[in-house]
Each structure stands twice: as structure tokens, then as C-alpha cells.
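In the numbering used here, each number is its position in the sequence shown, counted from 1, plus 555.
Beta carbons: idealized from backbone N, C-alpha and C, even for Gly.
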Amino acid sequence: MKIKSLFNKFSSKGFTLIELLVVIAIVGILAAAVLTAINPLKRIQQANDAGLKSDIGQIAQAMQTYYTSSSTTAAPFYPRAVSDLVTSGDLKNEPKIPPAKTVSYNVTGSTSVPDTACTTAGANCVNVTVYAQLNETGVGYWCWASATGASKISASAPAVTGTVCP
């Protein structure tokens, strides 16, 4: 008899299955609300864009170094491609593009010959822009121009012979 009364005393404590299900449902709703407020995809895109902006800043600094060091032989000029910066030693490694992204670091600019693109073989670039499309939807391009020495967001990519960020 004593054992039966002890069992009844302990079995009346605890949560019912319905109470546990209600609590789990409330926690699930709160978790969904927090994830919606945080918007992790947007945060990931912003983080990738911050890396892209940093890469363009490093490329711009290497471009300026290349330009300065090229002035010892003749009129100073910029390289035609980012890979030229690695070859010259002004940039240790070409920036890595995140997997599954269509980002590329493009160099456009003008030469001492009007309307001649920097990509023309043998051309010496006197002004350049370096740009890449940002990951965040609807933002546009991050662009650096040697003519101004500044970086900014542009709605469109510079022209092939572009020397300023649009």
C-alpha cells in the first residue's frame, strides 16, 4: 500500500504531451520570426561584397604601385590586367572569386591613343578603372578609377575605354 501511494504522488507531477507540443510550437514560431528578421542570405551577400570591396582596394593599391614603378623607364602606365600585377610582383596573388559566383575583376581604361582600349596588345594604359559586380541584388558595381583615386558604387559597368566610374 505504501508503494502505491508513493507512485501516485510522483505521477501527478510533470507536463502533459499537449503542453509540450504547445511550447515546441511557440519556440518554432519564435525561431522563424528571428530568422526572418536576421535574413541570413542578405548578410552573406553583404559579407561577400565587403570582401570584394577589399579585393578591389588591394588591386587599386597594387595598380598605383605598378604605375609608380613603371615611371622609371618611360612615361608611367597601368597594367592591362590584374594578372599583370601578380607577374610584376605588385600583388602577391590574384583575388579568389567565391565558388558559384560570376564575379570578375575587370580592368578598363584608355591609352595615350584616343579611344583605344587598354586590352589592346602593346597599349600602355594611362587611366584605368577596376570594377566588379556586387552580390547584393540591385546594388550594381563597385568601381575604382585611377583618375580620381576613389572607389564608389556604380549603377552600371564602365565602358571598355572608360576611365571614370559611371
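Just the Cα atoms here: how many angstroms apart are residue i and residue j?
| i | j | result |
| --- | --- | --- |
| Y660 | R635 | 12 angstroms |
| G569 | I593 | 35 angstroms |
| K597 | I708 | 18 angstroms |
| V683 | T692 | 26 angstroms |
| F632 | K651 | 25 angstroms |
| T716 | P595 | 38 angstroms |
| C673 | K608 | 22 angstroms |
| V681 | S665 | 6 angstroms |
Tell me the residue span of the beta strand (DSSP E) that contains residue i.
| i | result |
| --- | --- |
| N682 | C680 to Q688 |
| S709 | A705 to S709 |
| A700 | Y696 to A700 |
Go ahead and pull the three-state DSSP assignment for residue i.
| i | result |
| --- | --- |
| G606 | helix |
| G612 | helix |
| Y723 | With the chain represented from 556 up to 721, any question about residue 723 goes unanswered, as that position is not in the structure. |
Report back the beta-carbon spacing between residue i and residue j to the nearest angstrom; my notes put them in contact at under 8 angstroms.
| i | j | result |
| --- | --- | --- |
| I611 | A687 | 6 angstroms |
| G695 | A705 | 16 angstroms between Cβ atoms; not a contact. |
| P620 | D645 | Checking the displayed sequence, the identity of residue 620 turns out to be Thr instead of Pro. Indeed, because the Cβ distance is near 5 angstroms, the residues count as touching under 8 angstroms. |
What span of residues does the alpha helix (DSSP H) with residue i cover, start to end?
| i | result |
| --- | --- |
| D639 | V637 to S643 |
| V578 | L572 to I593 |
What are the residues that DSSP puts in a beta bridge with residue i?
| i | result |
| --- | --- |
| T663 | T684 |
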